[in-house]
Structure formats: C-alpha cells, structure tokens
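The numbering used here applies: residue 475 is where the sequence shown begins, and numbers increase by one.
Here a beta-carbon is modelled for each residue, glycine too, at the ideal position from N, C-alpha and C.
These figures come from a predicted structure and were not determined experimentally.
The structure appears right after this line, and notes come after that.
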Amino acid sequence: MRESDRREYWTRRLREYDQGHLLAAWDDLSPDRREALLESLQAVDFDLIRRLYENRGYKPEIGDLLRNATSPRGPRLSDRADAARRRAAVECGEEALRGGRAACVLVAGGQGSRLGFEHPKGMFPIGPLSRHSLFQIFAEKILARGKRYGRRLPLALMTSPLTHAETVDYFERHERFGLGDDLHIFCQGTMPAVDATTGRILMARPDALALSPDGHGGMLAAIHRSGVLERFRQEGVRHLFYFQVDNPLLDVADPEFIGWHILAGSEMSTLVIAKQTPLDKVGNVVQVGDRLHVVEYSDLPQDLAVRPGLDGKPLLWAGSIGVHVMEVDFLARVADLAEALPFHVALKKMTYYDPETRTIVEPETANAVKFERFIFDLIPHAENAIVIEAAENDQFAPLKNAPGAARDTPEYVRDRMAAKCRRLLREAGCETPGDPIVEISPLFALDSWELSQRLPRGTRIASPTYFGPEGPIAVDAAGGTQGAG
C-alpha cells in the first residue's frame with residue numbers, strides 16, 4: 475500500500491475513535507519516523523482502549539464478595555510449627571527441586587525513581603555491607619539453591635521496555651552472575667496512556683505514543699510470547715516460583731513453600747503475612763466458596779476492612795506480598811482467557827507531547843489514565859488455591875521509599891536483612907553480642923543449618939562482618955574489609 479493510501483486509511487480509522495491528533499505531526503516527520511508511528515498504531519486495540527476508558531469508573535462490588543467470604547485456606551504459622559507436617563512439605567519441595575521440576579520467575583520492570591535511582595530497581599545496591607544489587611542477591615540465592623539440590627535452577631526475568639536494554643547490559647557485564655544459559659530475560663508488553671479528561675491517547679513525541687508497562691500481570695502474555703514458558707514445559711518444569719524484585723528478604727524457591735503447594739494439589743498458591751492493622755496497604759486474600767480472591771487495598775472501603783468473617787475471626791488477616799507458586803500447565807490453560815486478567819485503571823501524572831502546541835507538557839496534577847494487569851487476578855481461576863503464612867520479619871522487607879520515610883527505605887531494608895542474618899547465626903549456635911551489622915551471601919550459607927555446617931558452635935561475631943562465598947570478612951567502621959578468621 476502506498477504511503478498516501480496508508481495515511482488516508484489511518485486518518486479515517488482514527489477519526490472513528492476521536493484519535494485524529496495522533497497524525498497531527500505527519501507532514502513534519504521523515505519517512506522512517508512515519509513508519510515507526512504507523513507500526514505503533516497498528517499495535518493498538520482501539521476498541522479495547524475506548525471500552526477501558528468508558529468503564530474506568532467501574533469497581534466491582536466488594537461488599538457482595540466479602541459477604542460470603544471466610545479466611546483463606548492453607549497452612550498458618552501454627553501449622554508450620556508442626557514438625558511432621560513441615561518436614562513432609564520440605565521433603566516434597568526438595569524432591570521437586572532435585573528433579574528439575576521447578577523454575578523461578580522474577581518480575582523486574584520497574585525503575586528506582588522513587589529511590590532517587592534512575593536505573594532498573596534491580597540494580598539498586600541493597601546489601602547491608604557488600605552493597606550488592608538486588609539482582610546479584612537474587613542470582614546468588616538461585617545459584618545456591620541449585621547447588622544444594624544438585625540441579626541448576628532456571629530463572630525467567632521480566633523487564634519492561636524502559637528497563638530492558640540496561641538490565642540485559644548489566645547482567646552481561648557481570649557475566650550473568652554465574653547463571654549462564656539458565657537466565658532467560660524477556661520484556662513485558664505496554665498499553666497506551668490516555669488523557670484522563672478526554673480519553674485521547676497521549677503522545678510521548680510527535681512520532682510516538684505515550685506507552686506504559688502493562689503491570690506485573692503482563693507476565694502471563696509475555697512469558698508465552700517469548701517462548702520461555704514452552705521451553706520450560708519441554709525441559710520438564712512444572713512449578714514456577716514467582717516473585718518481585720524489591721524484596722531481598724525472601725527465601726527464593728523455598729522448598730517448604732513449594733512443598734505445601736504440591737501437597738495441596740494447588741494450581742496457584744500465595745505467600746501471605748498477617749496484617750498488622752486492617753488498613754495495611756497490601757492485597758487482602760479471602761476464601762469465597764472453593765476459590766481464593768485478592769481484594770486490592772485501594773478497592774476496599776474502611777468499614778469492610780474491619781469486618782469479621784462468618785466464623786467471627788478477623789476476615790482480612792492475610793496480606794499478599796506478591797510471591798506465588800504457579801503450575802506451568804495452569805498458565806498454559808488460562809493464557810487465552812481474556813477475563814482471567816482484567817485491566818485495572820490508575821490515575822497518574824505523566825509528561826506528554828501536545829500536538830496542538832507542539833510542546834512537551836509537564837502537568838502539576840494527575841492527568842493520565844494507565845491500564846495495568848495484576849497477576850493475583852489469576853488466583854480465582856486456580857483449582858485448590860491456598861495461602862501459606864510466613865513471618866513478616868523473615869520474608870518481607872520491600873524496598874519502595876526514599877530515605878526519610880517511616881519504613882521500606884534502603885536503610886530500613888538493610889536493617890531487616892542484617893537482623894535476619896543475626897537470627898540465622900544464633901539459630902546455628904553462634905553468638906552476636908551487640909547486634910553487629912551482618913550480611914551472609916547465599917553462596918556461603920542459605921540457612922541456619924548450612925551455617926551450622928560451616929561455623930563452629932559458639933563462634934562470636936561482635937563486629938560488622940560479611941560472610942562472602944569464600945568465608946567471613948570483617949568490615950571496619952569506614953566500610954573497608956579485611957580478612958577474618
């Protein structure tokens with residue numbers, strides 16, 4: 475088709491959707507930039523965008539859902555304290571890891587802008603003493619888990635268009651942190667952002683739409699599109715351990731979590747913590763009949779947040795922390811279900827190009843509607859879904875805020891990481907007088923049992939110490955290191 479015919483076609487088509495402004499700069503564009511613009515238009519589902527914008531004010535009736543809700547099914551901390559049940563879960567998970575039936579999925583599409591760090595958040599230096607990045611810490615956990623069970627553990631890492639190139643370059647510069655061909659990096663999709671007042675698609679430049687990542691729920695389509703899921707199936711992987719990049723406290727590919735999931739015959743299981751207050755800003759997991767549901771805190775009226783369940787106990791005790799185990803066959807089954815992952819709307823402040831004034835506009839208030847999918851919307855479609863309760867101080871310390879906030883800052887997270895390391899040392903029979911800053915590389919020890927095999931009982935750690943892959947290194951007050959016995 476000639477360029478003039480293509481322009482005429484798109485002029486007519488965009489007029490149908492009141493999106494004619496997208497071609498306003500056509501005459502000023504070079505042939506290459508015109509081609510790029512048309513390619514981006516070709517990728518847009520304009521009917522979907524119009525429908526999502528028109529329904530942007532709709533929220534599901536949470537009251538109807540919670541009226542029949544009870545506490546979610548699955549092992550709480552008291553159940554995990556039962557030695558026999560816990561041992562059975564651990565052994566089941568270990569068998570899956572030894573058999574090569576597990577893999578990891580890390581979603582890492584976000585930048586560290588809220589931390590004042592204009593790079594992929596996974597590159598943020600979070601190690602309490604080593605200042606190793608989130609990416610390196612997770613890579614070491616995965617390598618160590620594979621080493622323990624004699625089977626390398628594949629990692630599928632999802633980026634976004636904003637972070638993809640820098641993430642790939644970072645891993646290549648660091649020789650993939652030893653993951654080699656077991657690392658599969660793929661990119662999530664995008665959705666156009668629209669003007670909150672008019673519904674018109676915003677532009678980033680005269681030749682480019684304003685696009686934003688389609689949410690962590692975009693993992694489902696992206697892992698299919700990339701071919702990674704099919705590769706995992708062919709390699710015999712059945713269980714995917716899914717987690718997010720901002721939580722370095724997490725025990726990645728924890729065999730106990732995987733084991734509880736398998737023993738329940740679950741298609742998708744969720745790690746939860748007990749909420750400290752009814753209004754905690756986490757997803758709320760509830761049971762409705764034989765299905766689990768997650769109610770996002772932003773959708774939850776305050777009066778419902780404090781409502782007891784049918785059993786009289788606190789209904790909304792279980793807070794989701796974005797950690798799941800999912801069956802590969804389940805993801806294949808729901809991949810083509812459009813309703814499995816509905817779009818959610820978010821009102822955000824977004825810089826854009828105004829084709830009328832031909833200027834870049836930086837709004838002072840939220841001006842854009844973004845459309846995102848959330849992975850937890852898969853849970854109601856899963857058979858035998860369960861939750862597994864974890865202790866917050868053991869598994870959850872999300873890095874979200876810049877220094878100065880009350881919590882979830884870099885120093886807050888580092889303090890939580892060091893506290894967990896001290897606890898593991900004490901469980902291994904070591905002493906930590908004065909609560910020194912301690913960091914343990916997963917390649918030195920994954921847990922207290924492994925520490926007990928490497929350190930004599932009664933070992934005293936009284937000063938800042940980093941346990942690197944080769945052994946402990948004392949760290950002086952200025953942050954330097956020296957060999958330690």
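Exposure of residue i, with buried meaning 16 or more beta-carbon neighbours within 10 Å
{"i": "Pro782", "result": "exposed"}
{"i": "Trp923", "result": "exposed"}
{"i": "Gly962", "result": "No statement about residue 962 is possible, as the shown extent of the chain runs from 475 to 959 and does not include it."}
{"i": "Arg561", "result": "exposed"}
{"i": "Asp502", "result": "exposed"}
{"i": "Pro549", "result": "buried"}
{"i": "Gly586", "result": "buried"}
{"i": "Gln761", "result": "buried"}
{"i": "Lys787", "result": "exposed"}
{"i": "Asn841", "result": "buried"}
{"i": "Val581", "result": "buried"}
{"i": "Ala835", "result": "The sequence shown places Val at residue 835, rather than the Ala named in the question. Its Cβ having fewer than 16 others within 10 Å, Val835 is exposed."}
{"i": "Lys823", "result": "exposed"}
{"i": "Ser545", "result": "buried"}
{"i": "Asn529", "result": "exposed"}
{"i": "Lys595", "result": "buried"}
{"i": "Lys755", "result": "exposed"}
{"i": "Leu558", "result": "Before going on, a small fix: residue 558 reads as Ala here, not Leu. By the neighbour-count rule (16 or more Cβ atoms within 10 Å), Ala558 is not buried but exposed."}
{"i": "Tyr623", "result": "buried"}
Three-state secondary structure assigned by DSSP to residue i
{"i": "Asn444", "result": "Since the first residue shown for the chain is 475 and the last is 959, residue 444 is missing from the structure and cannot be characterised."}
{"i": "Asp828", "result": "strand"}
{"i": "Cys566", "result": "helix"}
{"i": "Ala871", "result": "coil"}
{"i": "Gly918", "result": "What sits at residue 918 in the sequence shown is Phe, not Gly. Residue state, collapsed to three classes: coil."}
{"i": "Leu497", "result": "helix"}
{"i": "Gly945", "result": "strand"}
{"i": "Met693", "result": "helix"}
{"i": "Phe598", "result": "coil"}
{"i": "Ala876", "result": "coil"}
{"i": "Gly586", "result": "strand"}
{"i": "Ile911", "result": "coil"}
{"i": "Phe520", "result": "helix"}
{"i": "Arg847", "result": "strand"}
{"i": "Val581", "result": "strand"}
{"i": "Tyr982", "result": "One cannot answer for residue 982 here, as it falls past the ends of the chain, which runs 475 to 959."}
{"i": "Glu535", "result": "coil"}
{"i": "Ala842", "result": "strand"}
{"i": "Pro680", "result": "coil"}
Nonlocal neighbours in the same chain, by C-beta distance under 8 Å from residue i, ignoring five residues either side
{"i": "Val564", "result": "Pro729, Glu730, Gly733"}
{"i": "Val642", "result": "Thr633, Ile659"}
Residue i, enclosing alpha helix (DSSP H) - first and last residue
{"i": "Asp506", "result": "505-516"}
{"i": "Phe706", "result": "702-708"}
{"i": "Thr485", "result": "477-490"}
{"i": "Lys621", "result": "608-623"}
{"i": "Ser552", "result": "551-554"}
{"i": "Glu649", "result": "First-last for Glu649: undefined, no H or E at that position."}
{"i": "Pro687", "result": "Per DSSP, Pro687 belongs to no alpha helix (DSSP H); it is in the beta strand (DSSP E), 685-687."}
{"i": "Asp777", "result": "776-779"}
{"i": "Gly733", "result": "729-737"}
Sequence-distant residues of its chain with Cβ nearer than 7 Å to residue i (five each side left out)
{"i": "Leu603", "result": "Ile911, Glu913, Pro938, Tyr940, Val949"}
{"i": "Val780", "result": "Pro752"}
{"i": "Asp921", "result": "Leu898"}
{"i": "Leu858", "result": "As written in the sequence, residue 858 is Asn, which differs from the Leu given in the question. Result list for Asn858: Ala738, Gly739, Ser740, Glu741, in chain order."}
{"i": "Arg605", "result": "Pro599"}
{"i": "Phe591", "result": "Phe598"}
Unbroken beta strand (DSSP E) run spanning residue i, endpoints
{"i": "Ala630", "result": "629-633"}
{"i": "Pro666", "result": "664-666"}
{"i": "Leu821", "result": "817-822"}
{"i": "Ile834", "result": "833-835"}
Proximal residues to residue i (C-beta, below 6 Å), its chain only, five neighbours per side dropped
{"i": "Glu770", "result": "Gly757"}
{"i": "Gln956", "result": "With a pLDDT of 37 at Gln956, under the threshold of 50, the modelled position of that residue is not reliable, and the figure given next carries that caveat. The residues are Ala948."}
{"i": "His964", "result": "Residue numbering for the chain in the displayed model covers 475 to 959; residue 964 lies beyond these limits and cannot be assessed."}
{"i": "Ile547", "result": "At residue 547 the sequence reads Arg, which differs from the Ile that was named. The residues are Gln761, Ile860."}
{"i": "Ala618", "result": "Pro916, Leu917, Leu920"}
{"i": "Ala498", "result": "Pro829"}
Cross-strand partners of residue i (DSSP beta bridge)
{"i": "His713", "result": "Ala576, Glu801"}
{"i": "Gln761", "result": "Thr544, Leu766"}
{"i": "Ala792", "result": "Ala748"}
{"i": "Ile675", "result": "Val668"}
{"i": "Cys661", "result": "Thr633"}
{"i": "Arg934", "result": "Glu905"}
{"i": "Met891", "result": "Met891 is not bridged to any residue."}
{"i": "Ser743", "result": "Val799, Ile860"}
{"i": "Pro782", "result": "Pro788"}
{"i": "Gln718", "result": "Val581"}
Any chain D beta carbon closer than 8 Å to residue i
{"i": "Leu580", "result": "The structure shown contains no chain D; it is built from a single protein chain."}
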